[in-house]
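J.: Take 1 as the starting number for the sequence shown in UniProt numbering and just add one per residue.
For glycine and all other residues, C-beta sits at the position ideal for the given N, C-alpha and C.
The model shown is predicted, which means the values in this text are computed figures rather than measured ones.
I'd like to ask you about the structure that follows.
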Amino acid sequence: MNAQIAVIKGDGIGPEIVTEALKILDKVSEKFGHHFEYVPVLMGGCSIDATGVPLTDEAIETCKKSDAVLLGAIGGDTTTSPWYKLDPSLRPEAGLLKLRKALGLFANIRPAYLYKELKAACPLKDEIIGDGFDMVIMRELTGGLYFGDRKTVQENGVLKAYDSLTYDENEIRRIAVKGFETAMKRKKHVTSVDKANVLDSSRLWRKVVDEVAKDYPEVTYEHMLVDNCAMQLVKDPRQFDVILTENMFGDILSDEASEVTGSIGMLSSASLCETSLGLYEPSHGSAPDIAGTDQANPLATILSAAMLLRYSLNLDAEADAVEAAVQKTLEDGYRTVDIQDGKGKLVGCKAMGDAVAERI
Numbered sequence: 001m002n003a004q005i006a007v008i009k010g011d012g013i014g015p016e017i018v019t020e021a022l023k024i025l026d027k028v029s030e031k032f033g034h035h036f037e038y039v040p041v042l043m044g045g046c047s048i049d050a051t052g053v054p055l056t057d058e059a060i061e062t063c064k065k066s067d068a069v070l071l072g073a074i075g076g077d078t079t080t081s082p083w084y085k086l087d088p089s090l091r092p093e094a095g096l097l098k099l100r101k102a103l104g105l106f107a108n109i110r111p112a113y114l115y116k117e118l119k120a121a122c123p124l125k126d127e128i129i130g131d132g133f134d135m136v137i138m139r140e141l142t143g144g145l146y147f148g149d150r151k152t153v154q155e156n157g158v159l160k161a162y163d164s165l166t167y168d169e170n171e172i173r174r175i176a177v178k179g180f181e182t183a184m185k186r187k188k189h190v191t192s193v194d195k196a197n198v199l200d201s202s203r204l205w206r207k208v209v210d211e212v213a214k215d216y217p218e219v220t221y222e223h224m225l226v227d228n229c230a231m232q233l234v235k236d237p238r239q240f241d242v243i244l245t246e247n248m249f250g251d252i253l254s255d256e257a258s259e260v261t262g263s264i265g266m267l268s269s270a271s272l273c274e275t276s277l278g279l280y281e282p283s284h285g286s287a288p289d290i291a292g293t294d295q296a297n298p299l300a301t302i303l304s305a306a307m308l309l310r311y312s313l314n315l316d317a318e319a320d321a322v323e324a325a326v327q328k329t330l331e332d333g334y335r336t337v338d339i340q341d342g343k344g345k346l347v348g349c350k351a352m353g354d355a356v357a358e359r360i
C-alpha cells in the first residue's frame, strides 16, 4: 500500500514522541511491504512562531489531501510562554480546534486498557483491579461548550463571561451510532453519560440515544450521570465497555481513565470523520518541562499510530503487530519514568521506541 500521512510534530515533547512513532511505521512498511510518505505540517506554537497563526489554511489543505494525520502534542507553559499572551483565537490550542472542525472530526475514540504488566502502576486496589479492565471512551468532538458562542463583557462595572453548550439531534445521533457500532465489535454494552437532571442539552442527548439504541437490540445500554460515572471509574472500572458522552465530559473522563491505566503516557486516541480520514494523537499534552530530555513516554503515540493503521488504512494485521510489540516490550520490563511501578528497566524515549521496533 502507498499512503500519505500528514505529520504534525507540534511543540514540547511532540517532536520526540512522533519521531519514535514514525520509526515504528517505517518498520511496519519494511516488514509488510508498504510505502508511507510523510508530509510535515506545522500546528500549534511552532506554527505561531513561523507564520503568526496556530494553523494556516495551507496546513489544513495538506491534511485534507492525506490519508491520515499523525499528531504529537501542541502548546507550552501557560504561565510563561508568550503564546498565551495572545488572543485566545491565536493560541496553540485554537489550531487543534480549527483542524478538528475543518476535517469534520466528530468522534474521538480513547481506549483505556490496563496492561497486566502495569498492574502495579495502577493507583487502585487489587480487589478493584481484579483481572484488569478494557474500555473505550467515545467522545463527541465538534459540539458542546468548546464550540459554542462565548463572550466576556462588562456590565455595570463587573466583568461577566459566558459559554454556550449546544447540540442538535443530528450531532448526537452520529456519535451515538459510532458508539453502538463500536460496542458491537466489543462486549456489546454502552454507558451513555450526561447530566440530564440539570441540562436541556443532556435531556436531548438521552432522548436521541434511546432512539439509536433501538437499532442495536444486541447491545445493552444504560444512562449514567457524569458525576456518578467519575466515581464509578475509580470504584469499579471493570463494569465499562463503551462510554458514550459529549465533548467536555469526555475530555475530563478520558483523563481520569488514563490515570487508572497506570499512566497517561499509555493512552492513545483517534479522531474520526465520516470518511476514513482520521487524526491520531496521544491523549497527553506537550509536557514542556521535560521537552528535549529524552524522558517522554512514546507508547501512547506509537499505539495511536497503530490506530491509524487500523482505522484509516484498514491494515488490521499491521496494527495488531504494533500492539503486540508494545505488549512484548512491557513484558520484557522496559519502562519510562512516568510508569511508576517500581519494576523493570528504566529507559528514555528513544530507547523505548527502539525496543518496540525490534519486536515488530
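Asn-2 by DSSP, collapsed to three states: which one?
T.: In the structure shown, Asn-2 sits in a strand (DSSP, three-state: E or B).
J.: If you draw a straight line from the alpha carbon of Gly-262 to that of Lys-214, how long is it in whole angstroms?
T.: Using only the alpha carbons, I get a separation of about 36 Å.
J.: Which same chain residues end up closer than 7 Å to Gly-145 when comparing Cβ atoms and leaving out the 5 residues on each side of it in sequence?
T.: In the sequence under discussion, the amino acid at residue 145 is Leu, which differs from the Gly named in the question. Counting only Cβ-Cβ distances below 7 Å, and skipping sequence neighbours, we find Asp-163, Leu-165, Asn-247, Met-248.
J.: Tell me where the beta strand (DSSP E) around Ile-109 begins and ends.
T.: Residues 107-113.
J.: Span of the alpha helix (DSSP H) holding Gln-239?
T.: That residue, Gln-239, is in no alpha helix (DSSP H); it is neither H nor E in DSSP.
J.: Using the Cα positions of Lys-188 and Glu-218, report the straight-line distance between them to the nearest angstrom.
T.: Between Lys-188 and Glu-218, the C-alpha separation is close to 7 Å.
J.: Under 8 Å between C-beta atoms, does Arg-174 make it to chain D?
T.: The structure shown contains no chain D; it is built from a single protein chain.
J.: Taking Cβ positions, are Tyr-38 and Leu-55 nearer each other than 8 Å?
T.: In this structure, Leu-55 does not lie closer than 8 Å to Tyr-38 by Cβ.
J.: Sorted by chain position, which residues of the same chain lie with C-beta nearer than 6 Å to Arg-206's C-beta, five sequence neighbours on each side aside?
T.: Hits under 6 Å: Asp-194, Ala-196, His-223.
J.: State the Cα-Cα distance for the pair Asp-77 and Leu-86, rounded to the nearest angstrom.
T.: Cα to Cα, the separation comes out at about 13 Å.
J.: Applying the 10 Å Cβ sphere with the 16-neighbour rule, what's the burial state of Thr-329?
T.: It is buried - the Cβ of Thr-329 has at least 16 other Cβ atoms within 10 Å.
J.: I'd like to check one pair, Ile-74 with Gly-33: are the Cβ atoms closer than 8 Å?
T.: It is not a contact, given that the beta carbons lie outside the stated cut-off.
J.: Please report the distance separating the alpha-carbon of Asp-49 from that of Tyr-216.
T.: Taking the straight line from one Cα to the other gives about 49 Å.
J.: Would you kindly check if the distance between the Cβ of Phe-36 and the Cβ of Ala-3 is under 8 Å?
T.: Closer than 8 Å, so yes.
J.: Kindly give me the distance between the Cβ atoms of Ala-300 and Met-352, rounded to whole angstroms, as I take these residues to be in contact under 8 Å.
T.: About 11 Å; that fails the 8 Å criterion.
J.: Report the residue from Ser-304, Asp-289, Ser-276, Gly-292 whose alpha carbon sits nearest the alpha carbon of Ser-283.
T.: Checked all of Ser-304, Asp-289, Ser-276, Gly-292; the closest Cα to Ser-283 is Ser-304.
J.: Counting Cβ pairs, one atom from each stretch, are 3 or more of them under 8 Å apart for the region 99-108 and the region 273-288?
T.: Touching, yes.
J.: Taking all protein chains shown into account, do 16 or more other C-beta atoms lie within 10 angstroms of the C-beta of Asp-251, making it buried, or fewer, making it exposed?
T.: Asp-251 comes out buried.
J.: Which class does Gln-232 belong to by DSSP, given the choice of helix, strand or coil?
T.: Residue state, collapsed to three classes: helix.
J.: Leaving out five residues before and five after Lys-9 in sequence, what residues of the same chain have Cβ atoms less than 7 Å from its Cβ?
T.: Around Lys-9: Pro-15, Val-18, Gly-72.
J.: For Phe-32, which residues does DSSP report across the bridge?
T.: DSSP, once it has assigned bridges, lists no residue as partnering Phe-32.
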